[in-house]
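Colleague: My questions all concern the structure below.
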């Protein structure tokens, strides 16, 4: 029994720390810490910095430009990035479609798409959910009909995160409407500039434009853009979902958010004293900090098992559930600690690195919006209730 | 990082699991629990014979110098069996205090006998007005010509009903609320002036209250220097709390297994009740809490023996908080998912539920530890 990282792992952590201290742009880190919106350019700038260091595609095999890091090293990297205030990577390209292309793609697809993901030429978005297919993903109806060397795609995708920035979308489309729901689905890569595609913003309750609807009207997609076999897209979809779930505990992000919350609570005043001295607030922070400690230890146990060659199974669902609940709980406290100062709703200030004229404090602009935005954590990536269904079946045999 | 047991630890676990299975059936436990001394002397003798009692005792005194991880292995199995022997109080806490505070002569006199099962200890740290905080001790020991005179009351001394010696916390200086001025004395419960009232507890094991009226103690009854027991006591209570977490995890595992079996077999509305999603999700919530509690118990076991530090205190407090909250949650959910049958004396689940809820009343419940953690928050 040994709960400590090895010397080698600690040396790796120091290397990551030094890199972040030297390379992470301060303006981006400030936005992340204050919970403000990052622009497309912010994301691209950070990706380019990581790419130069060879650290952008942490999860890829070395031969495709990945790092070859162990699961523990990946964990340490993510944790250090979060602590330093680095933006979370937009995963749709590098950590979602890329693993599918690496696993199921043709040599031509690998040679074409992977380098373009690495160097930032392409921005990918995800075409999974539809108005009638949310948790029940196999109910997708977007239709792809083969016509010579092309598929003709018609239908609608929704909740397409940052689709407004994307030039490519990977889609689950129905190629066989007669087969059982899971059997008639294919995994298709579609150029967003194709004629017949239109993108419409969905404004969420925090006032943000983060997600979109994407409409397909007789869109012609080359058959060469099919990944895996026709009608076997569900295999790709499931593979991708397991990638999506790992790392969703967001331990590093929660630790950074908690540290920021304490910092704000030292500056805010309740009953004439720093808010951090308020007994009830202290207890609520203590509660979430202790639970975070427990989820972190559980993460380390799962990592150690994976490091020893075990396959991460349903237990990653436990991390998704508990990790998302903790992030939501912290965002709740971050809003409460501001008292009345959480009320002003200044959509334009949320984009800025520095407030033009802060009403209360730079840290008071975003928490209410962020609290509302983070309701998504327990909904996306397989809602927490779906995770419980997975656990009931796979882990408990119910 | 490596979260697996060593071969030796695995062997210890297998051996104990077998022993508990063979000798600790529901009927036997029920019989044992009904009358004094409230534990099985036969089982205790087997623990001695197989060397289990020696595990936490220092090698130099006939023990095996087991660490927090060995304590975890032992306590988890004893928890699964809801064993009633005073292992935690006598071997881990009592032995630990003698090791930490005792003189060479005191260690020589006590520890080999403890390791061999010839001596049982208990620790009297609670009083009518302490509420888990030893610094509020009111019992006093006055210096007299050739020793000490002890007066006061001690409450709920777990295992005290059958202990050969009780380690009594008393104030030799200072006022209630102060950490300084506390001393530990070895008291023979048969000594003049000691009244012992024994009773079973709702958690399972037996305990006693002690009334101390001018009990005369020799000089060598004092462990360590007068007035300076607090630090060592606090450290040893940390080890005991880590061990208690493991006991709770063993019991929680059993409660979860029983509940899952029940969901798979109990039929209502023409199918096993485990087919109903509302019950599935509640069962998932139970196993999730068990998973987190297990993680914190491992953390606690790994830091239990480390020197005192703020970080160690925070980790042990957090472990107690997470585990005790999980314990009560699992106890209540397990009863609810069983329905009426979960409330019957003749089904072992009910006894796990009692144990899981009531263990919060030794070393403090989740709220007490929440408050303690909140007090240490700023340092983090």
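Residue numbers (our numbering), protein chains in the order written: chain P, 1 to 398; chain Y, 1001 to 1380. Ideal placement from N, C-alpha and C gives every residue a C-beta, glycine not left out.
Which whole runs of the alpha helix (DSSP H) in the segment 1022 to 1065 of chain Y are 4 residues long or more, in chain order?
Modeller: 1026 to 1034, 1041 to 1049
Colleague: For residue 117 of chain P, which residues from the same chain have a beta carbon less than 8 Å from its beta carbon, with the 5 sequence-adjacent residues on both sides left out?
Modeller: 57, 93, 94, 97, 98, 124
Colleague: Does the beta carbon of residue 1261 of chain Y come closer than 8 Å to any beta carbon on chain P?
Modeller: no
Colleague: In the structure shown, what three-state DSSP assignment does residue 1215 of chain Y receive?
Modeller: strand
Colleague: Take every Cβ of the segment 1364 to 1379 of chain Y, pair it with every Cβ of the segment 276 to 295 of chain P, and state whether three or more of those distances are shorter than 8 Å.
Modeller: yes
Colleague: Does the segment 383 to 390 of chain P come within contact of the segment 207 to 218 of chain P, defined as at least 3 CB pairs closer than 8 Å?
Modeller: no
Colleague: Which value, in whole angstroms, describes the spacing of the CA atoms of residue 1136 of chain Y and residue 1281 of chain Y?
Modeller: 43 Å
Colleague: Pick from P/396, P/52, P/73, P/102: whose alpha carbon is nearest that of residue 1284 of chain Y?
Modeller: Of the candidates P/396, P/52, P/73, P/102, the one whose C-alpha sits nearest the C-alpha of residue 1284 of chain Y is P/396.
Colleague: According to the neighbour-count rule (16 or more other Cβ atoms, all chains shown, within 10 Å of its Cβ), is residue 1268 of chain Y buried or exposed?
Modeller: Exposed: under 16 other Cβ atoms inside 10 Å.
Colleague: So which of Y/1335, Y/1227, Y/1008 has the shortest CA-CA distance to residue 1066 of chain Y?
Modeller: Y/1008
Colleague: Within 10 angstroms of its Cβ, does residue 190 of chain P collect 16 or more other Cβ (buried), or is it exposed?
Modeller: buried
Colleague: Would DSSP call residue 1203 of chain Y helix, strand or coil?
Modeller: In this structure, residue 1203 of chain Y counts as coil in the three-state DSSP scheme.
Colleague: Straight-line CA distance for residue 1337 of chain Y to residue 1271 of chain Y?
Modeller: 15 Å
Colleague: How about the segment 179 to 193 of chain P and the segment 57 to 71 of chain P: do they share at least three Cβ pairs that are nearer than 8 Å?
Modeller: With a cut-off of 8 Å, the segment 57 to 71 of chain P and the segment 179 to 193 of chain P do not count as touching, because too few Cβ pairs lie within range.
Colleague: Throw me the rounded Cβ distance for the residue 1167 of chain Y and residue 1186 of chain Y pair, which I believe falls under 8 Å.
Modeller: 6 Å
Colleague: Where in the segment 1098 to 1181 of chain Y do unbroken runs of the alpha helix (DSSP H), each at least 4 residues long, occur, reported from the N-terminal end onward?
Modeller: Taking only runs of at least 4 residues, the alpha helix (DSSP H) segments lying wholly in the segment 1098 to 1181 of chain Y are 1104 to 1116.
Colleague: Mind checking whether residue 1152 of chain Y and residue 1212 of chain Y have CB atoms under 8 Å apart?
Modeller: Yes, the Cβ-Cβ distance between residue 1152 of chain Y and residue 1212 of chain Y is below 8 Å.
Colleague: Compare the beta carbon distance of residue 329 of chain P and residue 1322 of chain Y with 8 Å and say whether it is the shorter of the two.
Modeller: no
Colleague: How should residue 135 of chain P be labelled, buried or exposed, when 16 other C-beta atoms within 10 angstroms of its C-beta is the threshold for buried?
Modeller: With fewer than 16 other Cβ atoms within 10 Å, it is exposed.
Colleague: Apply the 10 Å Cβ neighbour rule to residue 1219 of chain Y and answer buried if 16 or more other Cβ atoms are within range, or exposed otherwise.
Modeller: exposed
Colleague: At a Cβ threshold of 8 Å, is residue 1378 of chain Y touching chain P?
Modeller: Under the Cβ distance rule, residue 1378 of chain Y counts among the residues neighbouring chain P, one pair being separated by less than 8 Å.
Colleague: Does the beta-carbon of residue 1199 of chain Y have 16 or more other beta-carbons within 10 angstroms, so that it is buried, or is it exposed?
Modeller: exposed
Colleague: Going along chain Y, which residues have a C-beta under 7 Å from residue 282 of chain P?
Modeller: 1374, 1377
Colleague: So, at 6 Å on beta carbons, what are the nonlocal neighbours of residue 1191 of chain Y in its own chain, with the 5 sequence-adjacent residues on each side left out?
Modeller: 1215
Colleague: Under the assumption that residue 377 of chain P contacts residue 316 of chain P (Cβ atoms under 8 Å), give the Cβ distance between them as a whole number of angstroms.
Modeller: Not confirmed; about 15 Å, so no contact.
Colleague: Quick check on the burial criterion: 16 or more other C-beta atoms within 10 angstroms. Buried or exposed for residue 1029 of chain Y?
Modeller: Buried, by the Cβ-count rule.
Colleague: By Cβ distance below 8 Å, which residues in the same chain neighbour residue 239 of chain P in space, the five residues on each side in sequence not counted?
Modeller: 99, 100, 103, 104
Colleague: With 9 Å as the limit, tell me which residues of the segment 292 to 309 of chain P have their beta carbon closer than that to any beta carbon of chain Y; keep them in chain order.
Modeller: 293, 294, 295, 296, 297, 298, 299, 300, 301, 303, 304, 305, 307, 308
Colleague: Mapping DSSP to helix, strand and coil, what is residue 165 of chain P?
Modeller: If DSSP states are grouped into helix, strand and coil, residue 165 of chain P belongs with the helices.
Colleague: Inspect the beta-carbon positions of residue 1255 of chain Y and residue 1334 of chain Y and report whether they are closer than 8 Å.
Modeller: yes
Colleague: Do residue 281 of chain P and residue 337 of chain P come within 8 Å of each other at the CB atom, strictly closer than that value?
Modeller: yes
Colleague: Closer than 9 Å, Cβ to any Cβ of chain Y: which residues of the segment 2 to 28 of chain P, in chain order?
Modeller: 2, 3, 4, 5, 6, 9
Colleague: Report the neighbours of residue 1329 of chain Y on chain P: residues whose CB is nearer than 8 Å to its CB, in chain order.
Modeller: By Cβ distance, chain P contributes nothing, its closest Cβ being about 13 Å from residue 1329 of chain Y, past 8 Å.
Colleague: Write down the C-beta distance between residue 1069 of chain Y and residue 1016 of chain Y rounded to the nearest angstrom, noting that I regard them as a contact closer than 8 Å.
Modeller: Going by Cβ atoms, the distance from residue 1069 of chain Y to residue 1016 of chain Y rounds to 14 Å, so no, they are not a contact pair.
Colleague: Answer yes or no: does any C-beta atom of chain P fall closer than 8 Å to that of residue 1338 of chain Y?
Modeller: no
Colleague: Mind checking if residue 1310 of chain Y is an interface residue toward chain P, Cβ cutoff 8 Å exclusive?
Modeller: Chain P, which has no Cβ nearer than 8 Å to the Cβ of residue 1310 of chain Y, makes this no.
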